[in-house]
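The block underneath contains the structure these notes are about, expressed in C-alpha cells.
There are 2 protein chains.
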Amino acid sequence: MNIGTASEKSGLPPKTIRYYEEIGLLKADRAENGYRDYSMSDVHRLRFLQRSRSLGFSVEECRQLLSLYGDKERESADVKAIAEVKIAEIDRKIAELASLRDTLRHLVHNCHGDERPDCPIIDGLAGSGTVQ
Amino acid sequence: MNIGTASEKSGLPPKTIRYYEEIGLLKADRAENGYRDYSMSDVHRLRFLQRSRSLGFSVEECRQLLSLYGDKERESADVKAIAEVKIAEIDRKIAELASLRDTLRHLVHNCHGDERPDCPIIDGLAGSGTVQ
DNA sequence: TCTTGACCTTCCAGTAGCTGGAAGAACTAT
DNA sequence: ATAGTTCTTCCAGCTACTGGAAGGTCAAGA
Chain A
291 MNIGTASEKS GLPPKTIRYY EEIGLLKADR AENGYRDYSM SDVHRLRFLQ RSRSLGFSVE
351 ECRQLLSLYG DKERESADVK AIAEVKIAEI DRKIAELASL RDTLRHLVHN CHGDERPDCP
411 IIDGLAGSGT VQ
Chain B
291 MNIGTASEKS GLPPKTIRYY EEIGLLKADR AENGYRDYSM SDVHRLRFLQ RSRSLGFSVE
351 ECRQLLSLYG DKERESADVK AIAEVKIAEI DRKIAELASL RDTLRHLVHN CHGDERPDCP
411 IIDGLAGSGT VQ
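The listed protein sequences derive, respectively, from chains A and B. Quick note: the first sequence uses our numbering, first residue 291, plus one each step. Quick note: the second sequence uses our numbering, first residue 291, plus one each step.
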C-alpha cells in the first residue's frame, strides 16, 4: 500500500513516516514507480510507534521497543530485559496519569488551588510523583 | 528558594525552568541579588509541568492545564470544560499505555512477532488504538 | 488522448522544546 | 582572601518533526 494509506491506518502523517525512514526506524519497500510500499507488518510497526511516541517515549526508546518486532534480536536476553524495564516504566506512567487526573479533578471540583493555604490535599496530589 | 532547590523538588532541570519562564509558563520572583526566588506554590506548578510534559501533553496543553492553578481563571466554565476534556484524554492515554504494555508482554513471552503469519493476536494488540 | 486533480517523490527551511557551553557575578566555606 | 559552587544572560546546537516548493505518477472523465 502507498504511504497515504499507511498514514491513515497508522495515524502518523506521511511526513513523519518518511522522517522515521530517514532516521532508520523503519524502511519501506519501493514499488516500480518509486513509491514507498507498505505491508500490514509495516503498519503494525507504525501504529506501535504512533502510540509509544504519543505516550512520552523518545524515538530512541521506540527504536529499542521496536526491535522486539524483529525475530532475530528478540531472541536476545538483552532486548527482553529492556522490554521488562519499559513495562515497569509504563506501569509508572499509568500511575502518574492517574495521579494527574486526580489533581485535575480536585482542582476543578473541590478546592481553590495552591494559592490558598487551606488546601493541604494539593500538596499530596501535585507533590506526588516519581521524583521524591 | 533558589532555582537549584526548585529544580530538585520539581524534577525539572534549571535550564528547563528558565526556558518555561522565557516562554511565559511560570514567572518567578527575583531576590535582591537578581536570583530567581521560588515559592512552594511555584514548585507545585513545576511538578505539575514535569508530570504532564513527560506524559505526552504539549507545552500549550500544559499552559491551559496550568491555568487551573490560578483562582481567577478557574472560575471560568471554559477552563473547567478544557479540564474535563483533558481528564478524558488522560483516561484514553491510560488505556493506550495498558494496551502497549500488553503488546510488549506478548512480544516478550508468547509469540514470534508479526513477521510470522501464525500469530493473529498481534493484530489485535498492535492494531488497536485511538485511530479507528 | 488529453487534461485535471490527487497523490507521490526529494530537498530545504522552519518550528517546538529543550540542552550545552561560555563568560561573568554572587554566595558559601575554609 | 581564596576556592568552589551556584547563579545570571546569551547564543549555539540538538531532537523530532512540519511546511512548502518543484516536479513526477496515476486514475478518472471529456
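For glycine and all other residues, C-beta sits at the position ideal for the given N, C-alpha and C.
Among B/L394, B/E386 and B/R353, which has the Cα closest to the Cα of B/G314? B/R353
By Cβ distance, which residues of its chain are closer than 7 Å to B/Y310, with the 5 residues on each side in sequence left out? L316 and L339
Using DSSP's beta-bridge definition, name the partner residues of B/R320. B/R326
Suppose you measure from the CA of B/T295 to the CA of B/V333; what does that come to, to the nearest Å? 9 Å
Specify the secondary structure class of B/P304 as computed by DSSP and reduced to three states. helix
Closer than 7 Å by beta-carbon distance: list the chain B residues that pair up with A/I426, in chain order. Outside the shown range of chain A (291 to 422) lies residue 426 of chain A, about which nothing can therefore be said.
Using C-beta distances below 6 Å, list every residue in its chain close to A/Y325, excluding the 5 sequence neighbours before and after it, in chain order. N292
Are the CB atoms of B/S342 and A/L397 within a distance shorter than 8 Å? no
Can you tell me where the alpha helix (DSSP H) holding B/S348 begins and where it ends? Here B/S348 belongs to no alpha helix (DSSP H), and DSSP marks it neither H nor E.
Near A/Q422, what residues of its chain come up, given a Cβ to Cβ distance below 8 Å and the 5 sequence neighbours on each side ignored? For A/Q422, the pLDDT reaches just 33, beneath the cut-off of 50, and the residue's location in the model is therefore unreliable, although a value from the coordinates is still provided. Around A/Q422: no qualifying Cβ.
Span of the alpha helix (DSSP H), counted from its first residue to its last, around A/S389: A367 to H399
If you drop the 5 nearest sequence neighbours on each side, which residues of the same chain put their C-beta closer than 6 Å to that of B/D319? D327
My assumption, with CB atoms under 8 Å, is that B/G301 sits in contact with B/R337. Please give the rounded CB distance. 7 Å
Rounded to the nearest angstrom, how far is the Cβ of A/E350 from that of B/L345, given a contact under 8 Å? That belief does not hold up - the Cβ atoms of A/E350 and B/L345 are roughly 18 Å apart, past 8 Å.
Neighbour flag for B/L358 against chain A, beta carbons, 8 Å: yes
Determine the direct distance from the alpha carbon of B/R395 to that of A/T420, and round the result to whole angstroms. For A/T420, the predicted model reports a pLDDT of 38, less than 50, meaning its position is unreliable and no value from the coordinates is stated.
Have a look at B/I377 and B/F347 and give me their C-alpha separation to the nearest angstrom. 12 Å
Proximity winner among A/S357, A/R382 and A/K383, relative to A/A373 (alpha-carbon distances): A/S357
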